[in-house]
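First up is the structure itself, then whatever we jot down about it.
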Amino acid sequence: MLSVMNCCHIIARISRHKQYRNEEEPCMYRRGVSGRTRKLVVGGAAAALLGSALAVGTGMSQATVQPGGNAGQGNAGASSGNTNALVPALGFSPGNPNATADRVGPTGVKVPGRCPPTQAQVNAQVALKNASLPSGTDLESRIQRFEKTLSAIQDLKCPASSTTLLGRLNSLTALRANANRDNILRGLGLNETPADQAAAGSGGAAASGATGNAGASSGNINALVPALGFSPGNPDATADRVGPTGVKVPGRCPPTQAQVNAQVALKNASLPSGTDLESRIQRFEKTLSAIQDLKCPASSTTLLGRLNSLTALRANANRDNILRGLGLNETPAG
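If you want it as structure tokens, here you go:
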């Protein structure tokens, strides 16, 4: 550590530089100043010099240190950490920025091969346009986060159909008219939606109606039939509703998971149970056939988009590695 006297000598040398010539010597004191005051002044000067030396030596500058201790440039929008936690996941693998041909998106329609952008690009765009995002788990906060993310997708020249955002947003906006919405939301994570929860798995309660059929056993079917990815319709509905792919479907659609499981079991003595590509594809195809048997369109579920993301793997040399990281009925689309 520098002694006070050494600091004084250093400061005195600096003071002889031409820009300090007309200033009073830092270690010179007017007559009559108390010894205690002189010690405080010398100590303060030494601390200031030492602080400056440390700042220069380590390259630190208070002006460039952001809250939280990270040095960086910052932006006009939300902090990246905050945005990363609040922006909903896109629900589909990023496109190839060099692609010139279309690809099949998660909703079953063709989208530019470069779409969607990466999650990081979308997060950055959301942060650029929004000083903050609502962080609540209430319905309107969830809806705003999805709307602002969809706006960022469009800013980046990609359609909403290159993600699963629109269908999930629709399942949230549908709750505005649901008197039970608070209880439904209470069981959801930060950016979960009823569509996400439905896609997570068929669930024992939902599938319990698949009993007593001539095909495969109900327990086997419950495990093997892919989840429909959207909340069941109202069997008494006479008006259309907006489905998970953003198009109108009959309000009674889709059927319940239990009804679909039962229909699949009725038509198929067994389902392939493998995690290989062709087994996955067959399970989705047979489930889509059951949906149509029950007089509902494929667009009342997310099955077709997820099936398309599987069939696209047939031409992918890396498909085995991609599938190795997926659960039984998981697909690259979700």
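Residue numbers (this note's numbering): 4 to 337. Ideal Cβ placement from N, Cα and C applies to all residues, glycine included.
Starting from residue i, trace the alpha helix (DSSP H) both ways and give me its first and last residue.
{"i": "R148", "result": "L142 to D158"}
{"i": "V263", "result": "Q260 to K270"}
{"i": "D239", "result": "Premise fails: D239 is in no alpha helix (DSSP H) and is neither H nor E."}
{"i": "R184", "result": "R184 to R189"}
{"i": "R317", "result": "That residue, R317, is in no alpha helix (DSSP H); it is neither H nor E in DSSP."}
{"i": "N194", "result": "Where N194 is concerned, there is no enclosing alpha helix (DSSP H), given that its DSSP letter is neither H nor E."}
{"i": "A102", "result": "Where A102 is concerned, there is no enclosing alpha helix (DSSP H), given that its DSSP letter is neither H nor E."}
{"i": "N332", "result": "First-last for N332: undefined, no H or E at that position."}
{"i": "N225", "result": "S221 to L227"}
Below 7 Å CB to CB, which residues in the same chain sit around residue i once its five sequence neighbours on both sides are set aside?
{"i": "G199", "result": "The identity of residue 199 in the sequence shown is Asp, whereas the question assumes Gly. The answer, listed in chain order, is R171."}
{"i": "P238", "result": "R255"}
{"i": "Q124", "result": "L159"}
{"i": "T176", "result": "I146"}
{"i": "T278", "result": "L326 and L331"}
Can residue i and residue j be called in contact, C-beta distance under 7 Å?
{"i": "S98", "j": "N311", "result": "According to the sequence provided, residue 98 is Gly. The question's Ser does not apply to it. No, the pair does not count as a contact, with Cβ atoms beyond the cut-off."}
{"i": "S302", "j": "T248", "result": "yes"}
{"i": "S165", "j": "P119", "result": "yes"}
{"i": "L274", "j": "L227", "result": "yes"}
{"i": "Q128", "j": "A155", "result": "yes"}
{"i": "F149", "j": "A336", "result": "no"}
{"i": "A315", "j": "V107", "result": "yes"}
{"i": "V245", "j": "N173", "result": "yes"}
{"i": "G328", "j": "P109", "result": "no"}
{"i": "L168", "j": "L153", "result": "yes"}
Reducing DSSP to helix, strand and coil, say where residue i ends up.
{"i": "V129", "result": "helix"}
{"i": "P253", "result": "strand"}
{"i": "R244", "result": "strand"}
{"i": "P115", "result": "strand"}
{"i": "K289", "result": "helix"}
{"i": "G308", "result": "helix"}
{"i": "T86", "result": "helix"}
{"i": "S302", "result": "helix"}
{"i": "L326", "result": "helix"}
{"i": "S165", "result": "helix"}
{"i": "A123", "result": "helix"}
{"i": "A180", "result": "helix"}
Taking the C-alpha atoms as reference points, what is the distance between residue i and residue j?
{"i": "V267", "j": "Q285", "result": "12 Å"}
{"i": "N225", "j": "E333", "result": "15 Å"}
{"i": "T196", "j": "Q147", "result": "13 Å"}
{"i": "D323", "j": "D185", "result": "42 Å"}
{"i": "P88", "j": "V250", "result": "Inspection of the sequence shows that residue 88 is occupied by Ala rather than by Pro. In a straight line, the C-alpha of A88 is about 29 Å away from that of V250."}
{"i": "A182", "j": "L188", "result": "12 Å"}
{"i": "N223", "j": "K113", "result": "34 Å"}
{"i": "G80", "j": "D243", "result": "Note on G80: pLDDT 37, under 50, position unreliable in the model; no value is reported."}
{"i": "K151", "j": "A102", "result": "26 Å"}
{"i": "D141", "j": "L191", "result": "10 Å"}
{"i": "L313", "j": "A163", "result": "20 Å"}
{"i": "T414", "j": "L131", "result": "One cannot answer for residue 414 here, as it falls past the ends of the chain, which runs 4 to 337."}
{"i": "N85", "j": "T304", "result": "32 Å"}
{"i": "C161", "j": "N126", "result": "14 Å"}
Which same chain residues, not among the five before or five after residue i, have their C-beta less than 8 Å away from its C-beta?
{"i": "L306", "result": "P229, L231, G232, F287, T290, L291 and I294"}
{"i": "C299", "result": "G236, V252, P253, R255, C256, P257 and P258"}
{"i": "A92", "result": "Q122 and N194"}
{"i": "N319", "result": "I325"}
{"i": "S144", "result": "P137 and S138"}
{"i": "A180", "result": "none"}
{"i": "R317", "result": "L280"}
{"i": "D296", "result": "Q266 and K270"}
Quick check on the DSSP output: the beta strand (DSSP E) that includes residue i runs from which residue to which?
{"i": "D279", "result": "Premise fails: D279 is in no beta strand (DSSP E) and is neither H nor E."}
{"i": "R171", "result": "Unbroken run through R171 is the alpha helix (DSSP H), L168 to T176; no beta strand (DSSP E)."}
Please work out which residues of its chain come closer than 6 Å, Cβ to Cβ, to residue i, disregarding the five sequence neighbours upstream and downstream, and give them in chain order.
{"i": "A104", "result": "G116"}
Any heavy atom of the ligand NAP inside 6 Å of the beta-carbon of residue i?
{"i": "D185", "result": "Within the structure as shown, the ligand NAP is missing, as the structure has no ligands at all."}
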